[in-house]
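Notes to accompany the following structure.
Residue numbers (the numbering used here): 26 to 175.
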């Protein structure tokens, strides 16, 4: 619970970078990866959604030290071809904008042997105009959030 509160504090301050009404999403890790009880205070990825954008895919490497973007077309092709070997074990984050101010964040592990290419996971959804939407996967060492500036 302490991590959750500290992560919310980080993301609440990070959200100030977004213009009024814009949707911004972040991935953050603690400065000291050994001591995960501290605040998630080192941002490793930040993204501002374009107004017409609905989905945004990213991959977090196994040690949560870097993030790379995965296009929707690339993900669809990988799923159709069942080609996930080169990203096996990484974490996939799917940010999805819904109607009005609704956002969902899905965090799943890439598994090349899985029929769908990903397994397990966490999801969080909510109205970003009302509160921060965040996911802190227990076994990943990072926190993910989306918010708007009020």
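C-beta: ideal position from N, C-alpha, C; glycine also.
Nothing here was measured: the structure is a model prediction, and the numbers come from that model.
message = Please list the terminal residues of the continuous beta strand (DSSP E) segment that includes residue 99.
response = In the chain shown, the residue the question calls residue 99 occupies position 74. It is not in any beta strand (DSSP E) - residue 99 instead sits in the alpha helix (DSSP H) that spans 97-106.
ask   = Going by the beta-carbon positions, is the gap between residue 141 and residue 114 smaller than 9 Å?
value = Residue 141 sits at position 116 when you count from the first residue of the chain shown. Residue 114 sits at position 89 when you count from the first residue of the chain shown. Against a cut-off of 9 Å, the Cβ pair of residue 114 and residue 141 comes out as no contact.
ask   = Would you call the CB atoms of residue 89 and residue 54 closer than 9 Å?
value = Taking the first residue of the chain shown as 1, we reach residue 89 at position 64. Taking the first residue of the chain shown as 1, we reach residue 54 at position 29. Closer than 9 Å, so yes.
ask   = Roughly how many angstroms lie between the CA atoms of residue 79 and residue 56, to the nearest whole one?
value = Within the chain shown, residue 79 is the residue found at index 54, counting from 1. Within the chain shown, residue 56 is the residue found at index 31, counting from 1. Between residue 79 and residue 56, the C-alpha separation is close to 31 Å.
query = Which residue's Cα is closest to the Cα of residue 164: 107, 69, 147?
reply = Walking along the chain shown from the start, residue 164 turns up at place 139. Cα-wise, what sits closest to residue 164 is 147.
request  = Could you have a look at residue 161 and say whether DSSP puts it in helix, strand or coil?
outcome  = Translated into positions along the chain shown, residue 161 becomes position 136. In the structure shown, residue 161 sits in coil (DSSP, three-state: anything other than H, G, I, E or B).
ask   = Exposed or buried, which one is residue 156 when buried takes at least 16 other CB atoms within 10 Å?
value = Within the chain shown, the letter at position 131 stands for residue 156. Under this definition residue 156 is an exposed residue.
key: Exposure label - residue 135; buried when at least 16 CB within 10 Å   = Translated into the one-based positions of the chain shown, residue 135 becomes position 110. Counting C-beta atoms within 10 angstroms of its own C-beta, residue 135 has 16 or more neighbours from the protein chains shown and is therefore classed as buried.
ask   = Quick one: what's got a C-beta closer than 8 Å to residue 29's C-beta in the same chain, skipping five residues either side?
value = Locating residue 29 in the chain shown gives position 4, counting from the first residue. Because the pLDDT of residue 29 is 41, which lies under 50, any placement of that residue in the model is unreliable, and the number read from its coordinates should be weighed accordingly. Closer than 8 Å at the Cβ level, and outside the excluded window around residue 29, lie 159, 161.
query = Which residues in the same chain as residue 95 place their Cβ atom closer than 6 Å to its Cβ, once the five residues preceding and following it in sequence are excluded?
reply = In the chain shown, residue 95 corresponds to position 70, counting from 1. Excluding five sequence positions before and after residue 95, the CB atoms of its chain that fall closer than 6 Å to its own CB belong to 82, 84, given in chain order.
ask   = Is residue 110 helix, strand or coil by DSSP?
value = Taking the chain shown and counting its residues from 1, one reaches residue 110 at position 85. It is helical.
ask   = For residue 172 versus residue 149, is the C-beta distance shorter than 9 Å?
value = Within the chain shown, residue 172 is the residue found at index 147, counting from 1. Within the chain shown, residue 149 is the residue found at index 124, counting from 1. No, the Cβ-Cβ distance between residue 172 and residue 149 is not below 9 Å.
request  = Would you identify the three-state DSSP class for residue 82, choosing helix, strand or coil?
outcome  = Within the chain shown, the letter at position 57 stands for residue 82. Residue 82: strand per DSSP, three-state reduction.
message = Below 8 Å on the Cβ atoms is my contact criterion, and I expect residue 169 with residue 118 to pass it. Report the Cβ-Cβ distance as a whole number of Å.
response = Position 144 of the chain shown holds residue 169. Position 93 of the chain shown holds residue 118. Yes, residue 169 and residue 118 are in contact; Cβ-Cβ is about 6 Å, under 8 Å.
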